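Notes follow the structure.
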Amino acid sequence: MHRIPVFEANRLHFSYGRQKVLDNISLTLEAGNFYAIVGPNGCGKTTLLDIMAGNKTPESGNIRYFGRNIKEYGKRKLAREIALVPQDFYIHFPFTVGEVILMGRHPYIPRLGGPSKEDIDIAEAIIEKTGLYKLKDKYITELSGGEKQRVVFARALVQDTPVLILDEATSNMDIQYTLNFLRAVSKAVSQAGRTVISALHDLNLAATFSNKMVFMKSGRIVSEGNTHGVLTEEGIKAVFNVESRVYFDQYSNSCQVSYKGIGPR
Amino acid sequence: MRSPYLFLLSSLLLLIIVLSTGMGYLEISPFEVLKIILARITGDHELLNGLNHVFPYVVWDVRLPRILTSAIVGAGLSISGVIFQGILLNPLADPYTLGISAGAAFGASIALFLDIHFLGIYSVPIFAFCGAVGTLVAVMSLSSFNREMSSNNLILSGIIVAAILSAGISFLKYMADEQVSIIIFWLMGSFASKTWAEVSLSCVCVLAGFLICLFFARDLNIMSLGDRSANSLGISAGRVRMILLVTASFMTAVCVSVSGIIGFVGLIIPHLMRFFTGADNRKLIPASSLAGAGLLLGADTITRAVLPVEVPVGVLTALIGGPFFCYIFRQRSVGGLRA
């Protein structure tokens with residue numbers, strides 16, 4: 001069965017001033033997968049994700065979303081298709097957690113209207129599911145970094161989109177919530193056919209949850225494919241310049257990476 | 001989920017308007033004030049029977065224009081304060097952050113210094129308005145880079161331009177002989193001898209600005225999550241920021257050109273109201289406009305009718321507002337941070 005890919009990036013170029021950030025990126029992403037995008041700092045992951053979310057326009061090349069150039073979608077329409085959890089989660093004014101999460105329904109609420117019963121139900125369900133119920137009436141400015149990130153993540157889940165883009169979306173969470181969120185979204189991938197595209201620094205988390213992996217370095221794609229095929233010692237050496245061992249781990253049921261330690265003292 | 005504050009604030013504002021109209025050299029009771037206003041609106045002159053025949057003139061032609069202008073300017077400055085804080089993502093921003101007051105002051109100083117009269121009594125306001133708008137254009141072009149305006153760039157450009165203009169004003173003051181006191185007095189802000197023309201002009205501009213700001217209030221809420229989140233929620237953050245920036249600056253320019261420079265209202269009121277309504281701009285904008293109107297009218301009434309000499313209202317708002325602001329700021333820092 002031939003399916004139209006979620007994203008087809010075709011020769012994307014992007015630069016900030018003279019600094020090239022994306023250098024001729026072509027990439028096809030299929031629906032129903034959890035993609036992990038990995039690479040060193042400043043390799044262009046965030047810019048690529050922003051272009052996919054329609055936040056940035058490439059200097060040359062184009063990107064298609066379900067076969068149509070992403071520019072042909074209206075902003076509101078696109079916001080009902082693609083949600084983004086950004087890296088930064090600084091919120092400047094004392095909104096309550098409940099208010100911020102309900103903002104995720106913005107693309108569904110008419111400009112001069114209020115949220116419908118459905119909007120509020122969806123928000124309530126996500127608040128319950130993500131363990132934010134106790135924080136619901138607290139001010140976002142009073143929360144810790146990890147708690148804020150959970151709110152920002154939940155806000156994107158409330159957007160209820162077929163595609164979810166995560167840019168280091170769990171970087172400040174403790175391991176319990178990291179696993180909760182990543183499990184929830186990978187369940188949505190495997191059961192509801194949604195697509196997750198996630199930039200992750202932790203290779204083991206990436207390996208545990210993704211089934212596809214894209215390695216990037218200096219604005220180029222180095223390798224891409226099934227996670228267990230691409231995640232190799234040579235690949236990690238080539239992209240991150242570190243020595244490692246990659247082995248299949250029974251407990252996590254995935255490939256895992258370990259690095260040389262300095263031994264017990 | 002109608003906010004009870006709005007009803008409370010509107011009633012309070014109406015009460016202040018009626019009471020302050022009665023206050024002054026001639027004491028007029030609130031009941032008589034209402035009768036006079038009703039008589040003017042309905043054209044029913046029998047209502048005026050038995051009243052001192054000077055009262056209608058005092059109420060309608062002398063006091064009400066001044067009172068309404070101060071209320072409208074208070075509302076305009078407070079709304080602009082909400083907007084500037086929201087788009088610059090900085091709770092310390094106020095309508096003057098981008099150098100708009102300095103621009104207006106510079107324009108007014110030039111008109112006063114050169115003794116320009118060819119535009120009649122509107123010469124100084126028009127020069128002030130041009131100065132404010134010119135400054136806004138300069139600050140915006142200085143801070144846009146790659147077709148994007150970051151809030152840091154805007155604030156920095158505002159400070160730079162304001163510093164240059166302040167030096168220019170000092171220079172004009174130094175050069176001016178007998179006009180120097182007029183310049184200084186204008187800079188301190190005043191509502192003395194306002195007319196119905198100024199009431200209607202400022203009313204139309206502030207009302208239009210209010211509606212535009214309210215229209216984009218939800219977008220402004222979401223923009224406080226940052227541009228990346230706002231864009232992915234379907235908001236053109238850059239475009240909304242530009243529209244609101246121009247709207248708020250225009251409102252500020254109109255207010256300044258009508259009244260001179262009145263500080264602190266645009267800074268304190270949004271903070272104070274955020275305390276009651278929360279950060280939601282859909283509630284914050286109406287609440288701030290009503291509270292700002294009441295506060296500035298109250299301050300103007302104190303200087304006009306209570307104090308033995310008329311202190312410039314801009315000085316009074318800073319003198320009352322400054323310490324008051326310090327107080328709430330301390331209270332909030334001690335009792336749990338909200339902003």
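Respectively, the protein sequence lines represent chains A and B. Using the working numbering, the first residue of the first sequence is number 1, and each one after it goes up by one. Using the working numbering, the first residue of the second sequence is number 1, and each one after it goes up by one. Idealized CB from N, CA, C, for every residue including glycine. Everything numeric in this text was worked out from a predicted model, so none of it was measured.
query: Below-7 angstroms beta-carbon distance, B/R338 vs any chain A residue; result: Legend: pLDDT at B/R338 = 46, less than 50; position of this residue unreliable, no value from coordinates given.
query: Against chain A: residues of the stretch 255-288 of chain B by CB proximity under 8 angstroms; result: R274, G278, A279, D280
query: A/I197 in three-state terms, based on DSSP; result: strand
query: Rounded separation between A/I262 and A/G114 - CA only; result: 58 angstroms
query: Secondary structure of B/M140, DSSP reduced to three states; result: helix
query: Chain A residues whose Cβ lies nearer than 7 angstroms to that of B/G321; result: Here the premise fails: no neighbours, minimum Cβ distance about 21 angstroms.
query: Test item: CB-CB of B/I222 and B/L214 under 7 angstroms; result: no
query: Same chain only: Cβ atoms within 6 angstroms of A/L203, ignoring 5 sequence neighbours per side; result: V257
query: Three-way DSSP call (helix, strand, coil) for A/T96 in this model; result: strand
query: Interface partners of B/S218 on chain A, CB under 9 angstroms; result: Rather than Ser, the amino acid found at residue 218 of chain B in this sequence is Arg. What B/R218 touches in chain A: M103, H106, I109, R111.
query: Chain-ordered neighbours of B/I222 on chain A, where CB pairs are closer than 8 angstroms; result: M103, H106
query: Beta carbon of B/A253 nearer than 7 angstroms to that of B/A132; result: yes
query: Where B/L154 sits in the DSSP three-state scheme; result: helix
query: Collapsed DSSP secondary structure at B/T346 in the structure displayed; result: Because chain B in this structure spans residues 1 to 339, residue 346 of chain B falls outside the shown range and cannot be described.
query: Exposed unless 16 or more other CB atoms sit within 10 angstroms - verdict on B/F31; result: exposed
query: Min CB distance B/N231 to chain A below 7 angstroms; result: yes
query: Closer than 7 angstroms to chain B by CB, A/G29; result: Before going further, note that residue 29 of chain A is Leu rather than Gly in the sequence given. Chain B, which has no Cβ nearer than 7 angstroms to the Cβ of A/L29, makes this no.
query: Option in A/A184, A/T46, A/V6 with minimal Cα separation from B/R228; result: A/T46
query: CB-CB length for B/F210 against B/I243, believed under 8 angstroms; result: Actually they are not in contact, since the Cβ atoms of B/F210 and B/I243 sit about 14 angstroms apart, beyond 8 angstroms.
query: Ranges of the beta strand (DSSP E) found wholly within the stretch 219-302 of chain B, counting only runs of at least 3; result: none
query: Any 3 or more C-beta pairs closer than 8 angstroms across the stretch 196-212 of chain B and the stretch 72-85 of chain B; result: yes
query: The stretch 51-67 of chain A in contact with the stretch 113-129 of chain A per 3-pair CB rule at 8 angstroms; result: no
query: C-beta atoms of A/D137 and A/T96 nearer than 7 angstroms; result: yes
query: Where the stretch 83-95 of chain B meets chain A: residues whose CB sits under 7 angstroms from a CB there; result: L89
query: Closest Cα partner of A/A267 within the set A/Y139, A/Y90, A/N55; result: What the structure shows of chain A is the stretch from 1 to 265, and residue 267 of chain A is not part of that stretch, so it cannot be assessed.
query: Closest residue to A/L78 among A/F93, A/P107, A/L102 (Cα-Cα distance); result: A/P107
query: Check whether A/E233 and A/K260 have beta carbons under 7 angstroms apart; result: no
query: Same chain only: Cβ atoms within 8 angstroms of B/F325, ignoring 5 sequence neighbours per side; result: F264, L267, I268, H271
query: Alpha helix (DSSP H) segments (min. 4 residues) lying fully within the stretch 52-106 of chain B; result: 64-87
query: Beta-bridge pairing of B/H45 - partner residues as DSSP gives them; result: According to DSSP, which records beta bridges pairwise, B/H45 is partnered with nothing at all.
query: Anticipated Cβ contact below 8 angstroms, B/M23 with B/A279, distance rounded; result: Going by Cβ atoms, the distance from B/M23 to B/A279 rounds to 36 angstroms, so no, they are not a contact pair.
query: Per DSSP, the bridge partner or partners of A/Q19; result: A/Y16
query: Neighbouring residues, chain A, relative to B/S236 (Cβ below 8 angstroms); result: K75
query: Nonlocal neighbours in the same chain, by C-beta distance under 6 angstroms from B/A104, ignoring five residues either side; result: A128, G131, A132, V256
query: Endpoints, beta strand (DSSP E) assigned at A/I221; result: 220-226
query: Minimum C-alpha distance to B/E310 - residue among B/S190, B/M273, B/A318, B/N281; result: B/S190
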